[in-house]
Amino acid sequence: MTKLLYQNAISAMTLAAALGAALTMTATPAAAAEGDNEKCYGVALKGKNDCKSGPGTSCAGSSKIDFQSDAWKSLPKGTCEKTASPTSPTGFGQLQEFKAQKS
Amino acid sequence: MPSPSHSEADLTGALPLSCRLPATAGVGLKPEHYTAVLSTYPKLGFFEIHAENYMGAGGLPHRYLSRIREDYPLSVHGVGLSIGSAKAIDEGHLDRLATLLNRYQPEVFSEHLAWSSHGGTYLNDLLPLPYTQETLTRVCSHIDRVQERLQRRMLLENPSTYVEFTQSTLSEPEFITDVLQRTGCGLLLDVNNVFVSCTNHHRDPLAYFDALPLSRVEEIHLAGFAEDRDDVGASLLIDAHGCAVASAVWNLYCQVLERTGPVATLIEWDNDIPTFERLVEEAEFADRCLATAWRTHKSSSRYE
Amino acid sequence: MRIDVSRPHGGHISLQAGMNNYEVDFTSALLDTEQPCPANLSAWNGSDPVKRFAVYRNNVVSSLIDALEDTFPVTRELVGDEFFRAMARIFITRVPPKSPVLAEYGDEFPEFIANFSPVQSVPYLADVARLEMFYLTAYHAADATPLDEASFRGALSNADALPSARLQLHPSASVLRSTYAAGSLWAAHQGTIDLATVDPYLAEEILIIRPFWEVLVVPLRPGAGRFIELLANGASFGETALAVSVAFPDFDLTTTLADIIRTGAVVAFNFNEAL
Numbered sequence: 000m001t002k003l004l005y006q007n008a009i010s011a012m013t014l015a016a017a018l019g020a021a022l023t024m025t026a027t028p029a030a031a032a033e034g035d036n037e038k039c040y041g042v043a044l045k046g047k048n049d050c051k052s053g054p055g056t057s058c059a060g061s062s063k064i065d066f067q068s069d070a071w072k073s074l075p076k077g078t079c080e081k082t083a084s085p086t087s088p089t090g091f092g093q094l095q096e097f098k099a100q101k102s
Numbered sequence: 000m001p002s003p004s005h006s007e008a009d010l011t012g013a014l015p016l017s018c019r020l021p022a023t024a025g026v027g028l029k030p031e032h033y034t035a036v037l038s039t040y041p042k043l044g045f046f047e048i049h050a051e052n053y054m055g056a057g058g059l060p061h062r063y064l065s066r067i068r069e070d071y072p073l074s075v076h077g078v079g080l081s082i083g084s085a086k087a088i089d090e091g092h093l094d095r096l097a098t099l100l101n102r103y104q105p106e107v108f109s110e111h112l113a114w115s116s117h118g119g120t121y122l123n124d125l126l127p128l129p130y131t132q133e134t135l136t137r138v139c140s141h142i143d144r145v146q147e148r149l150q151r152r153m154l155l156e157n158p159s160t161y162v163e164f165t166q167s168t169l170s171e172p173e174f175i176t177d178v179l180q181r182t183g184c185g186l187l188l189d190v191n192n193v194f195v196s197c198t199n200h201h202r203d204p205l206a207y208f209d210a211l212p213l214s215r216v217e218e219i220h221l222a223g224f225a226e227d228r229d230d231v232g233a234s235l236l237i238d239a240h241g242c243a244v245a246s247a248v249w250n251l252y253c254q255v256l257e258r259t260g261p262v263a264t265l266i267e268w269d270n271d272i273p274t275f276e277r278l279v280e281e282a283e284f285a286d287r288c289l290a291t292a293w294r295t296h297k298s299s300s301r302y303e
Numbered sequence: 000m001r002i003d004v005s006r007p008h009g010g011h012i013s014l015q016a017g018m019n020n021y022e023v024d025f026t027s028a029l030l031d032t033e034q035p036c037p038a039n040l041s042a043w044n045g046s047d048p049v050k051r052f053a054v055y056r057n058n059v060v061s062s063l064i065d066a067l068e069d070t071f072p073v074t075r076e077l078v079g080d081e082f083f084r085a086m087a088r089i090f091i092t093r094v095p096p097k098s099p100v101l102a103e104y105g106d107e108f109p110e111f112i113a114n115f116s117p118v119q120s121v122p123y124l125a126d127v128a129r130l131e132m133f134y135l136t137a138y139h140a141a142d143a144t145p146l147d148e149a150s151f152r153g154a155l156s157n158a159d160a161l162p163s164a165r166l167q168l169h170p171s172a173s174v175l176r177s178t179y180a181a182g183s184l185w186a187a188h189q190g191t192i193d194l195a196t197v198d199p200y201l202a203e204e205i206l207i208i209r210p211f212w213e214v215l216v217v218p219l220r221p222g223a224g225r226f227i228e229l230l231a232n233g234a235s236f237g238e239t240a241l242a243v244s245v246a247f248p249d250f251d252l253t254t255t256l257a258d259i260i261r262t263g264a265v266v267a268f269n270f271n272e273a274l
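Read top to bottom, the protein sequences are chains B, U and P.
Numbering that gives the first Met the number 0 puts the first residue of the first sequence at 0, with every later residue one more than the last.
Numbering that gives the first Met the number 0 puts the first residue of the second sequence at 0, with every later residue one more than the last.
Numbering that gives the first Met the number 0 puts the first residue of the third sequence at 0, with every later residue one more than the last.
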């Protein structure tokens, strides 16, 4: 009857106590983000459906994909190489949300 | 304002005429300019959006559009309905379009004489079709369906094309004229597209205009093109929407306005998007052409 | 080595008789440069239509690559622009869009990346792409107002009913349970944390949510991801708290609740469901 014991362990009182404590720990829901302040709107992403055309005839569309090309040799360039040692802290202590780059 | 006297109005039966945009200049609404629009409230005739960019359920795009819509007339321009397809119109997409139009009640809705989907694949370009009696019948039945489902007239835009089909039996203006007559839809005349296509196919843009029922023009598009060369070095213009309107296109625009009178005119600039101020300047230039057109047509009873 | 770019309708195109062949020919030739230019195209000066057709080919391929670049900016930075565009181009050929709404295109890109052999040396790439797709989905998700403090207090006053209550989550919320540090890698590319402090091989659970207008990417404590998933699947408050407590010894109900309340993840407390 392990299940029953656990059910007793998470009683209504336990849930209420946890919820009550949680409410004292936090000002309510990201309330600062409401408001009419444009700054709180975050990043407006570009529209993806355009009527534009590419500027020429010979860009991506007509070239062949060749795995000998520099494109494939370049991996793993980019920023993924400069990563930290496994012991680095990850900054999860504060549990602040990550912010998107402002455009 | 020009009020096209078309006997074809009967063909649309009970479909209400769409409201009209003011016969002044507007610009395409870009997310890059949302905050600039709301902080400057420029004197513009209208904004135009691409329908498919506002088919999400919520979020910032709708938040901004709702606010801007409160203060400006709106044109909704579809880019994905694929009216020129062999297959029937995608009813699911048409439903989403109807939802969007109900939400914003735009003055006009327009789409392209082109296809973009085949066999469940969306190709994200406005692709050409041959102009034959067979494709004409098909395009008309698709437009009939769109107008019936949306319960409004639509405007059809002439395309930019880079190739022609050997099997075509009608010229593009002949094809468009027949579509307008059979379906009762209006014409969105893209003057840049006329210039691009006429250059690419070695035709006379003025003859192109003269072959169209210009009284049916309810909106004009202007945009910048890019230049390339074909296989033998002839000029091949590309409808790139990435720069200012070319002077040759401004000239054509003025010549069109002489024939149509003042018409709502959109500046399209979708690539290498300029500052909002620069875009508004381009619209102001169009407004000066429109002001001339108003003066020219003042004496004509048609425009009083 | 050349990789065979699979053809979207390769081999089994039903060649319809008559006039509609041009759509079939266009569709395969637009996505695959190995396919010949469609027949029956002409130019006024007799020039080769291939060059003119290339305008369409370029429009289709580059606009779809651009759309993926816009949706997956960090994924792109992780492998470099040239590599990303080449990889995106293969994806487009294999999984072209089905809908004209390009904000919905790219759903299958993370899975494609996970199985794409040239990126096996960047094992966390697919999870970063998953996070970016969730971000875009949250951006366009339906609006809903997070529950305010008074409503939570109201729920507390009905304590006996708490175990059977259902917490309704915000429609924009997604949880990414990554075996890599997908959230920290993403954050490092926003400049909000130092990349030098990120160990990409530490597992993370991340909540992606848009309570109001801004999308939040929130790292979660142990068990919180499971907690949110169970609530999303309709489990009651009591069932969820129990199951997660059993499965995660480090689980702390109070801080987890504080986190999800703070992020606006709860939009309603529903008490009237029959058990």
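In this text, a Cβ means the ideal position worked out from N, Cα and C, and glycines have one as well.
Judged by beta-carbon spacing, P261(U) lies beyond the 7 Å limit of L211(U), meaning their Cβ atoms are not closer than that value.
If you draw a straight line from the Cα of G263(P) to the Cα of S173(P), it comes to about 13 Å. For H49(U), the chain B residues whose C-beta falls within less than 8 Å of its own C-beta are G46, N48, D49, C50, listed in chain order. Within the stretch 175-209 of chain U, the runs of beta strand (DSSP E) that reach at least 3 residues and sit entirely inside it are, in chain order, 185-189.
Taken atom to atom, the span from the alpha-carbon of V197(P) to that of Q119(P) is near 20 Å. Considering only beta carbons, the part of the stretch 214-225 of chain P lying closer than 8 Å to chain B consists of V214, L215, V216, V217, P218, R220, in chain order. Here D124(U) carries a strand assignment [DSSP, helix/strand/coil].
Secondary structure note for G27(U): its beta strand (DSSP E) is the uninterrupted segment 24-27. The criterion of a C-beta distance shorter than 7 Å is not satisfied by E51(U) and G27(U). In the DSSP secondary-structure assignment, S109(U) is bridged to H76(U), L154(U).
Around the beta carbon of W43(P), fewer than 16 other beta carbons lie within 10 angstroms, which makes this residue exposed.
A direct Cα-Cα distance of roughly 13 Å separates D70(U) from E106(U). Rounded to the nearest whole angstrom, the C-alpha separation of D142(P) and D106(P) is 21 Å. Within 7 Å of the CB of T25(B), no CB atom of chain U is found; the nearest one sits about 24 Å away.
Under the three-state reduction of DSSP, D229(U) is assigned to coil, being neither helix nor strand. Around the C-beta of G190(P), fewer than 16 other C-beta atoms lie within 10 Å, and the residue is accordingly described as exposed. Per DSSP, reduced to three states, the secondary structure at S116(U) is strand. One alpha carbon belongs to I227(P), the other to T32(P), and they sit about 46 Å apart. By the Cβ-count criterion, Q146(U) is buried, with 16 or more other Cβ atoms from all chains shown falling within 10 Å of its own Cβ. Of all residues in the stretch 140-152 of chain P, only P145, L146, D147, E148, F151, R152 place a beta-carbon less than 8 Å from a beta-carbon of chain B. Minimum Cα-Cα distance from Y63(U) among the listed residues G41(B), G55(B), K51(B), S52(B) corresponds to G41(B). Residue pairing by DSSP leaves H169(P) without any beta bridge partner. At a Cβ-Cβ threshold of 7 Å, T165(U) and N39(P) count as neighbours. Contacts with chain B at 7 Å (Cβ-Cβ) include Y33(U). Against chain B, the CB of Y179(P) has no partner CB under 7 Å away; the residue lies outside that interface. With contact defined as three or more Cβ pairs closer than 8 Å, the stretch 50-67 of chain P and the stretch 74-88 of chain U are not in contact.
If you draw a 10 Å sphere on the C-beta of M12(B), you find fewer than 16 other C-beta atoms in it, and that means exposed. Between V75(U) and V138(U), the CB-CB gap reaches or exceeds 7 Å. Contact check between the stretch 96-104 of chain P and the stretch 119-133 of chain P: fewer than three CB pairs, one atom from each, fall below 8 Å, which does not count as touching. Apart from sequence neighbours up to five positions away, the residues of its chain that approach V78(P) with a beta-carbon distance below 8 Å are M86, V118, V121, L124, ordered along the chain. Within the DSSP bridge table, the entry for E218(U) names L187(U) as partners.
Between the C-alpha atoms of C50(B) and G241(U) there is a straight-line separation of about 10 Å. In terms of Cα proximity to S163(P), the closest of S116(P), F115(P), L230(P), A149(P) is L230(P). Every alpha helix (DSSP H) of 4 residues or more that sits fully in the stretch 85-144 of chain P is shown, in chain order, as 108-113, 124-139.
G237(P) belongs to the set of residues whose beta carbon lies under 7 Å from a beta carbon in chain B. In this structure, DSSP gives H32(U) a helical state, which the three-state scheme calls helix.
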